[in-house]
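Novice: Chains as they are written, first to last, in our numbering: chain C, 835 to 1079; chain Y, 885 to 1000. Structure incoming, see below.
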Amino acid sequence: PQAQESCASCGLGRPDDSDRVDTDFVEAVKRHILSRLQMRQRPNITHPIPKAAMVTALRKLHAGKVREDGRVEIPHLDGQAAYANEVQEETSEIISFAETDDSTLSKSSLFFLISNEGNQNLYVQQANLWLYFKLLPGGPEKGLRRKVTVKVHYQEPSSQGGGRWPLVEKRVELKRSGWHTFPLSEAVRAVLGKGGRRQDLDVRCEGCEAASVVPILVDPADPSHRPFLVVRARQADGKHRIRKR
Amino acid sequence: GLECDGSNGGLCCRQQFYIDFRLIGWNDWIIAPAGYYGNYCEGSCPAYMAGVPGSASSFHTAVVNQYRMRGMSPGSVNSCCIPTKLSTMSMLYFDDEYNIVKRDVPNMIVEECGCA
């Protein structure tokens, strides 16, 4: 018996009350999952994201296949890792949905609250803004491409002066309504680097009106085309950085 | 490793334990997977297991076990039943700001157990 005590897991006795064991186990598993996700407690979901927006974002990212029964299957982020010893770095993909509030100055402004997953040293590998452009009837002849220029600016909240400076400008050719991406890695790195979480943007579309094209921003009537920001991030720790240098 | 199915006489084995997130009310913030395999290791590691292939948690343990079988063990410390193989779990979940986070969490599921 003495030797038994020296081994934490040896000789786990069988308590007579298996219900209590299950409850204890469930609580232990809950704590284990939360600690591995670096969460103190489970999120409080009071107003869920419209399912249409979520499914669209997941579909676009191949982040998961939405099955008939609504369940989601997930491929591994790096697509190959099957066992833990192959995943050297913890990468995560964070999808944030666009929001507006009374500090977003105009109809073309929106913001994202980017999650840093509870820790400060996330290294942003890539960040893309996804915008949906709808083609209205009455544009150029059928089959011809509609050309517009989209300019995405950093929009300083009005409370901080409301300044605006360009982040990305892209010429978009549209043949049909659809999604387009705009790289925002540096902008998101800058926000997270300053310890912020809010990414304020202003989206302008030159030529849209003439070409009968509408960029869908935050429109409660059209949740499945709500803009979203995808940030692919890695836990940044000194060891890897050194190797990079 | 062995599976705990009642037929291995209390030897070190892997006990499967599955939690369906719907049953614990976590399916509102965890989008996928639908549940979690909280498998764990339990059972004893008697000396005669030292020779069983696959029962040792590492090469070092296999060597120590050989010493132990020949009565040359460095002490009377018993062997422990621990996870010997773990796998990654991909998760898709909402955080508390309604971001969707997709993450591969390494070493999350116990696949096999062995004696250390």
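Heads up, the beta-carbon is just placed ideally off N, CA and C, and yes, glycines get one too.
Is the distance from the Cβ of ARG898(Y) to the Cβ of CYS997(Y) below 7 Å?
Specialist: Reading the second sequence from its first residue, position 14 is the one you call residue 898(Y). Reading the second sequence from its first residue, position 113 is the one you call residue 997(Y). Yes, they are a contact pair.
Novice: GLY996(C) to THR934(C), Cα distance in whole Å?
Specialist: The residue given as residue 996(C) occupies position 162 in the first sequence. The residue given as residue 934(C) occupies position 100 in the first sequence. Rounded to whole angstroms, GLY996(C) to THR934(C) spans 15 Å at the Cα level.
Novice: At the 7 Å Cβ level, is PHE978(Y) part of the contact set with chain C, yes or no?
Specialist: Along the second sequence, read from residue 1 onward, the residue named residue 978(Y) stands at position 94. It does: the Cβ of PHE978(Y) has a partner Cβ on chain C nearer than 7 Å.
Novice: Applying a beta-carbon distance threshold of less than 9 Å, which residues of chain Y neighbour PHE859(C)?
Specialist: Mapped onto the first sequence, residue 859(C) falls at position 25. Under the 9 Å cutoff, chain Y gives PHE901, ILE903, GLY922, TYR924.
Novice: Which of helix, strand or coil does DSSP assign to ARG893(C)?
Specialist: The count along the first sequence starts at 1 and reaches residue 893(C) at position 59. ARG893(C): helix per DSSP, three-state reduction.
Novice: Take the Cβ of MET956(Y) as the centre, count every other Cβ of all protein chains shown within 10 Å, and call the residue buried at 16 or more, exposed below.
Specialist: Here residue 956(Y) refers to the residue found at position 72 when the second sequence is read from its first residue. Per the 10 Å Cβ criterion, exposed.
Novice: Between which residues of its own chain and GLN914(C) is the CB-CB distance below 6 Å, once the five residues before and five after are set aside?
Specialist: For the purposes of this step, residue 914(C) is taken as residue 80 along the first sequence, with counting starting at 1. Bear in mind that a pLDDT of 40 at GLN914(C), under 50, signals an unreliable position, so the model cannot answer this.
Novice: Using the three-state DSSP reduction, which class does LYS986(Y) fall into: helix, strand or coil?
Specialist: Position 102 of the second sequence, counted from the start, is the residue given in the question as residue 986(Y). Looking at LYS986(Y) - three-state DSSP - the assignment turns out to be strand.
Novice: Would you say ASP912(Y) faces chain C, with C-beta separation under 7 Å as the test?
Specialist: Within the second sequence, residue 912(Y) is the residue found at index 28, counting from 1. Yes, ASP912(Y) lies at the interface with chain C (some Cβ there is under 7 Å from its Cβ).
Novice: Contact criterion: CB-CB distance below 7 Å. Does TYR951(Y) meet it with respect to chain C?
Specialist: In the second sequence, residue 951(Y) corresponds to position 67, counting from 1. No, its Cβ sits nowhere closer than 7 Å to a Cβ of chain C.
Novice: Could you tell me the alpha carbon to alpha carbon distance between LYS1028(C) and ALA1067(C), rounded to whole angstroms?
Specialist: The sequence position of residue 1028(C) within the first sequence is 194, counting from 1. The sequence position of residue 1067(C) within the first sequence is 233, counting from 1. Distance between the alpha carbons of LYS1028(C) and ALA1067(C): 16 Å.
Novice: In this structure, does DSSP put VAL947(Y) in helix, strand or coil?
Specialist: Taking the second sequence and counting its residues from 1, one reaches residue 947(Y) at position 63. Three-state DSSP puts VAL947(Y) in a helix.
Novice: So is PRO991(C) in contact with chain Y if we call contact Cβ pairs under 7 Å?
Specialist: In the first sequence, the residue the question calls residue 991(C) occupies position 157. No, its Cβ sits nowhere closer than 7 Å to a Cβ of chain Y.
Novice: Grab the span of the alpha helix (DSSP H) containing VAL1025(C) for me, first residue to last.
Specialist: Residue 1025(C) sits at position 191 when you count from the first residue of the first sequence. Taken as a continuous stretch (DSSP letters only), the alpha helix (DSSP H) holding VAL1025(C) covers 1019 to 1027.
Novice: Tell whether a beta-carbon distance below 7 Å holds between ILE914(Y) and TYR977(Y).
Specialist: Working through the second sequence from its first residue, we reach residue 914(Y) at position 30. Working through the second sequence from its first residue, we reach residue 977(Y) at position 93. For ILE914(Y) and TYR977(Y), yes; Cβs fall inside 7 Å.
Novice: Express the C-alpha separation of PRO930(Y) and VAL948(Y) in angstroms, rounding to a whole number.
Specialist: Taking the second sequence and counting its residues from 1, the one referred to as residue 948(Y) is at position 64. Taking the second sequence and counting its residues from 1, the one referred to as residue 930(Y) is at position 46. Those two C-alpha atoms are separated by around 13 Å.
Novice: Thinking just about the alpha-carbon of each residue, which of CYS1039(C), GLN989(C), LEU956(C), SER1011(C) is nearest to the one in LEU970(C)?
Specialist: Counting from 1 along the first sequence, the entry for residue 970(C) is found at position 136. The residue with the shortest Cα to Cα distance from LEU970(C) is SER1011(C).
Novice: Can you tell me whether DSSP reads ALA915(C) as helix, strand or coil?
Specialist: Within the first sequence, the letter at position 81 stands for residue 915(C). With a pLDDT of only 39 at ALA915(C), under the threshold of 50, the placement of this residue in the model should not be trusted, and no figure is reported.
Novice: Is the shortest distance between the beta-carbon of ARG987(Y) and the beta-carbons of chain C less than 7 Å?
Specialist: Within the second sequence, numbered from 1, the residue matching residue 987(Y) stands at position 103. So, interface residue.
Novice: Where does SER943(C) sit, in a helix, a strand or coil, going by DSSP?
Specialist: Taking the first sequence and counting its residues from 1, the one referred to as residue 943(C) is at position 109. Strand, per DSSP.
Novice: Looking only at C-alpha atoms, which of ILE903(Y), ASP912(Y), ASN892(Y), TYR902(Y) sits nearest to GLU926(Y)?
Specialist: Working through the second sequence from its first residue, we reach residue 926(Y) at position 42. Here the closest residue by C-alpha is ASN892(Y).
Novice: Alpha carbon to alpha carbon, how far is SER971(Y) from TRP901(Y)? Give it in angstroms, no decimals.
Specialist: Here residue 901(Y) refers to the residue found at position 17 when the second sequence is read from its first residue. Here residue 971(Y) refers to the residue found at position 87 when the second sequence is read from its first residue. Here residue 901(Y) turns out to be Phe, not Trp, going by the sequence shown. Roughly 15 Å between the two C-alpha positions.
Novice: Would you say GLU887(Y) faces chain C, with C-beta separation under 7 Å as the test?
Specialist: Looking up residue 887(Y) in the second sequence gives position 3. It does not: the Cβ of GLU887(Y) has no partner Cβ on chain C nearer than 7 Å.
Novice: For THR968(Y), tell me which candidate among ARG954(Y), ILE984(Y), ASN923(Y) has the shortest Cα-Cα distance.
Specialist: Numbered from its first residue, the second sequence carries residue 968(Y) at position 84. Comparing Cα-Cα distances from THR968(Y) to each of ARG954(Y), ILE984(Y), ASN923(Y), the minimum goes to ASN923(Y).
Novice: For ARG870(C), would you say it is in contact with chain Y, using Cβ-to-Cβ distances shorter than 7 Å as the test?
Specialist: By 1-based counting over the first sequence, the position of residue 870(C) is 36. True, the Cβ-Cβ gap to chain Y drops below 7 Å.
Novice: Do you know offhand how far PRO973(Y)'s Cα is from SER926(C)'s?
Specialist: Against the second sequence, residue 973(Y) aligns to sequence position 89. Against the first sequence, residue 926(C) aligns to sequence position 92. A small correction: the amino acid at residue 973(Y) is Met; Pro does not occupy that position in the sequence shown. Their Cα atoms are separated by approximately 12 Å.
Novice: Let me know the secondary structure DSSP gives ALA886(C) once reduced to three states.
Specialist: Position 52 of the first sequence, counted from the start, is the residue given in the question as residue 886(C). Helix, per DSSP.
Novice: Compare the C-beta of GLU858(Y) against all C-beta atoms of chain C and say whether one is closer than 7 Å.
Specialist: The requested residue 858(Y) is not part of the displayed model; chain Y covers only 885 to 1000.
Novice: What does MET867(Y) touch in chain C if you count any residue whose Cβ is under 9 Å from its own?
Specialist: Outside the modelled stretch of chain Y, which goes from 885 to 1000, sits residue 867(Y), for which no answer is possible.
Novice: So ASN878(C) contacts chain Y; which residues on that side make the cut at Cβ distance below 8 Å?
Specialist: Mapped onto the first sequence, residue 878(C) falls at position 44. Simply ASP980.
Novice: Using a Cβ-Cβ distance cut-off of 7 Å, determine whether LEU1026(C) contacts chain Y.
Specialist: Within the first sequence, the letter at position 192 stands for residue 1026(C). No, its Cβ sits nowhere closer than 7 Å to a Cβ of chain Y.
Novice: From this set, ASP912(Y), TYR920(Y), ALA918(Y), ALA916(Y), which residue's C-alpha is nearest ASN878(C)'s C-alpha?
Specialist: For the purposes of this step, residue 878(C) is identified with residue 44 of the first sequence, where counting begins at 1. The shortest C-alpha separation from ASN878(C) is found at ASP912(Y).
Novice: Output needed for ASP988(Y): all residues of its chain with C-beta closer than 7 Å, excluding positions within five of it in sequence on either side, in chain order.
Specialist: What you label residue 988(Y) is simply residue 104 of the second sequence in a count that begins at 1. Same-chain partners within the cutoff: THR972, SER974.
Novice: With a 10 Å radius around its C-beta and 16 neighbouring C-beta atoms as the bar for buried, classify HIS881(C) as buried or exposed.
Specialist: On the first sequence, residue 881(C) is found 47 positions in, with the first residue counted as 1. So HIS881(C) ends up on the exposed side.
Novice: Assuming LEU944(C) and LEU1035(C) form a contact by the criterion Cβ under 8 Å, report the distance between their Cβ atoms to the nearest whole angstrom.
Specialist: Looking up residue 944(C) in the first sequence gives position 110. Looking up residue 1035(C) in the first sequence gives position 201. With a Cβ gap of about 6 Å, LEU944(C) and LEU1035(C) count as contacting.
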